[in-house]
Structures are given as C-alpha cells and as structure tokens.
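Residue numbers (our numbering): 72 to 210.
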C-alpha cells in the first residue's frame, strides 16, 4: 500500500466515526417536555407565521407583551445630562466630535483629581516634623 492509499483509508474511517458521534442522541425529550416547550413558544409568539420566517409576535405585536425596559426618573436623566455637559461628552457636530475634544481646556473631565489644600498642608507638616523635608527653600 502506498502512502496516499493509507491516508485515504484513515480519512474514510475518521469520517465514518465522526458522523456517528455527531448523530448520537444526547437525550430524548419526553412528550411532556415537548408539549411544555411548544406551549411556551406559542405563548411567547416564537412560532413561524409565514414562509418568510416571520414570527407570530412580529406579525401581531399587539397580541404579545413587550419586554420591560428599565426606566429612569426625570431627576436621574437631568443629572446624567448635567454630568455629560460638564464632562464635554455631548456631540459638537455631525462628525462625531465631542465638546471635550474641540475645547479641551474648558471641561473638567480632562483635569486630574488632586489632593485638597488641607491634605497637602498636613503632609508637609508631617514631613517637616519627621525631618523628611527641610524648611529651607532655595530660590
């Protein structure tokens, strides 16, 4: 036998066993499970309505409940808008540029958070007390 014949036989056997492994039944659904799944599909409108693949809930949306959407209060929306305006996250033009990109010096989102004046003074006093910082400043 030549190499090509051995390779062909090996490929044929692997294809034969692969097909059987893929066709193996992983567990049959009981009659009750199938009826339950069908009832759920009918209730949700997930049954095909026509040859185009349109579902019943798409053809007759008034007959099926819509998904609940998360709602926000008016105050939450206003707070988010104020934050977006302050950060410059609002769109400047149709090109997708944001105000923070066009006017980077006017928006607080570009500033790095820093320590308060009291924190700096406390750290300086501690450094002077421990001798880590001299009080003499050269000009």
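Positions of the beta carbon are idealized from the N, C-alpha and C atoms, including for glycine.
Can you check whether the CB of residue j is closer than 8 Å to the CB of residue i?
i           : j           : result
residue 173 : residue 163 : yes
residue 110 : residue 128 : no
residue 117 : residue 126 : yes
Which same chain residues end up closer than 7 Å to residue i when comparing Cβ atoms and leaving out the 5 residues on each side of it in sequence?
i           : result
residue 120 : 126, 127 and 130
Counting only the same chain and skipping the five closest in sequence on each side, list residues whose C-beta sits under 8 Å from that of residue i.
i           : result
residue 178 : 157, 158, 159, 170 and 171
residue 155 : 161
residue 150 : none
CA-CA distance, residue i and residue j?
i           : j           : result
residue 168 : residue 194 : 41 Å
residue 202 : residue 175 : 41 Å
residue 141 : residue 204 : 55 Å
residue 143 : residue 100 : 43 Å
residue 146 : residue 191 : 36 Å
I'd like to know if residue i contacts chain D, where contact means its C-beta is closer than 8 Å to some C-beta of that chain.
i           : result
residue 164 : Absent from the structure is chain D; it holds one protein chain and no more.
Once you ignore the five residues that flank residue i on each side, which residues in its own chain have a CB closer than 6 Å to its CB?
i           : result
residue 112 : 118
Uninterrupted alpha helix (DSSP H) stretches inside the region 74 to 156 (no shorter than 4 residues): With a minimum length of 4 residues, the continuous alpha helix (DSSP H) runs that stay inside the region 74 to 156 are 74 to 94, 102 to 115 and 127 to 130.
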